[in-house]
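Structure, as structure tokens:
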Amino acid sequence: MAPDIPWITTPVTAGLLRGALETERTEHGLLPHRLPAWARAQCADGQLAMAESQPSGVRLAFRTRATAIELDTLPTKRQYVGAPARPDGFYDLVVDGRPAGRGTVSAGHVLVVDMMTGGSEWRPGRPGTLRFTELPEGAKDVEIWLPHNETTELVALRTDAPVEPAGAPERRVWVHHGSSISHGSDAAGPTGIWPVVAARAGGVELVNLGLGGSALLDPFVARVLRDTPADLISVKIGINLVNLDLMRLRAFGPAVHGFLDTVREGHPRTPLLVVSPVLCPMHEDTPGPSAPDFRGLEQGRLRFVPMGDPAEVAGGKLTLRVIREELARIVGERAVDDPRLSYLDGRELYGEGDAEELPLPDQLHPDAATHRLMGERFASAFGEGGVFG
């Protein structure tokens, strides 16, 4: 804490947060969740637990005349045995809608993961402090976007002028569900993930249910979408089903129908967009599962390789090409009676031509430039003539 600033401490409450569906009071502070407790209780998967607790798209939002802000947080960082240390997650400051700064918190817990054995070690840590100073004078709307890839407990908020929660947004609310690509994968920061880029460009309020490794047509996620207030909904389906080799074509079609039926129970007339996978060359015609290739890990390079056999497609194994064809068919048939249901081929966001200029660094996830490209392209959906226009 800077001692020469007359700090005012404001309790961090759910009223200061946007993009979280629930909060949990912990020993240290407030933990945002992107799935409610009842949904988390229906799946004991550690990957899902980690993904939903990482606050992708979650931000503190308040109005203040403050020119200095401190935020104490307790992040949970990941390290991988045999790999260089991962960089600290970024906090992005936005003032009156414009980028105004970026910072990190180097303290926190550490989860050490051994990808060779699947084991992990928990190393407890302490909170750290993020500080922004020399903000513009006068009343302003402030957002602090939390790291999309670090579970983050919010401990204390201090400012040099009083804070009040931001007013209720007048913009349409867009709820989006997808995989690690929607979660943020290798984006440059929390405002650089493609759904945030799209939402900011399209003038909508984002609730991001992109869940790394966990876009699996889970019924409880469909019920979360059903119960979450939304003016616009999109679901991006496919890549996790392939790279986990989760189901066969026989199960896929009915699962998609059931997922959409559940969403429609709560949003019978809300514009609903089904997005198929972006281009991923290794799984276009080769089914999963995917597996990490550890060669190059010591230099910080991790790549994924497909483990399936293209001949297995005849037996019902899924590839991205099969999934796109099935999704297009399902949406086309349902749209006859549901005119607010639409389909977007994910290759319009990232396709064959883009892969030549912006290849997937690990063969699975887009880099920062590709996130921005995808977000800018998706933003047209919110404009005149777009499916959400």
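Mapped onto the numbering used here, the consecutive letters of the sequence shown carry residue numbers 1 to 389.
Where is the CB? At the ideal position from N, CA and C, for every residue including glycine.
In the DSSP annotation of this structure, Ile233 is not part of any alpha helix (DSSP H); the continuous beta strand (DSSP E) holding it starts and ends at Leu232 to Lys236.
With a cutoff of 8 Å on beta-carbon distance, Gly386 and Asn208 are scored as not near each other. Ala66 and Asp4 have their C-alpha atoms roughly 15 Å apart. If you look at Val81, you'll find it isn't in any alpha helix (DSSP H); DSSP assigns it neither H nor E.
For the pair Ser53 and His33, the CB atoms are nearer than the 8 Å cut-off.
Counting along the chain, no beta strand (DSSP E) covers His148, and no H or E run does either. The Cβ-Cβ distance between Leu327 and Leu154 does not fall below 8 Å.
With distances taken between CA atoms, Gly389 lies nearest to Ile233 out of Ile233, Gly82, Ala222 and Asn149. Taken through DSSP and simplified to helix, strand or coil, Ser180 comes out as helix. Across the set Val197, Ala314, Asp92 and Thr104, the C-alpha of Thr104 shows the shortest separation from the C-alpha of Lys77.
Shown here, Asp354 sits in a helix according to DSSP, grouped into three states.
For Val110, the enclosing beta strand (DSSP E) stretches over residues His109 to Val113. Distance from Val313 to Val322 at the Cβ level is roughly 6 Å; contact confirmed, criterion being Cβ atoms closer than 8 Å. Residue state for Arg347 is assigned as helix, using DSSP reduced to three classes. Beta-carbon to beta-carbon, Asp160 and Pro6 are separated by about 6 Å, close enough to satisfy the 8 Å threshold. DSSP, read as helix, strand or coil, puts His283 in helix. Pairing Glu143 with Arg171 gives a Cβ-Cβ distance that is not under 8 Å.
Where Glu325 is concerned, the enclosing alpha helix (DSSP H) starts and stops at Leu320 to Arg334.
The three-state secondary structure of Asp186, taken from DSSP, is coil. The DSSP-derived three-state label of Gly128 is strand. Distances from the alpha-carbon of Thr64 to those of Leu16, Arg269 and Arg200 put Leu16 closest. In the structure shown, Trp194 falls within a helical segment according to DSSP collapsed to helix, strand and coil. When rounded, the separation of the alpha-carbon atoms in Leu93 and Leu157 is 14 Å. Residue pairing by DSSP puts Phe62 in a beta bridge opposite Val142 and Pro165.
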